[in-house]
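Residue numbers (the working numbering): 5 to 67.
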């Protein structure tokens with residue numbers, strides 16, 4: 005495996021753990037359910053932002 009595949013695998017694991025834990029906490033504590041879902045949205049949004057390839061200003065392909 006190269007570095008990119010390992011990084012993607014670890015990142016997916018972290019996000020899955022975050023979302024799963026958030027859903028469990030939201031089930032247990034109904035008073036703070038909206039806060040837990042906001043935390044999950046931030047985690048998934050960060051995951052999506054990190055997986056989108058960045059483009060250089062000169063139009064070259066990202067590494």
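Heads up, the beta-carbon is just placed ideally off N, CA and C, and yes, glycines get one too.
query                                                                                                                              : result
Using a threshold of 8 angstroms, state whether the C-beta atoms of residue 14 and residue 47 are closer than that.                : no
Restricting to Cα atoms, I'd like to know which of 23, 6, 12 is closest to residue 56.                                             : 12
Alpha carbon to alpha carbon, what distance is there between residue 45 and residue 29?                                            : 14 angstroms
Of all the alpha helix (DSSP H) runs that stay within the bounds of the stretch 26–55, which reach a length of 4 or more residues? : 37–55
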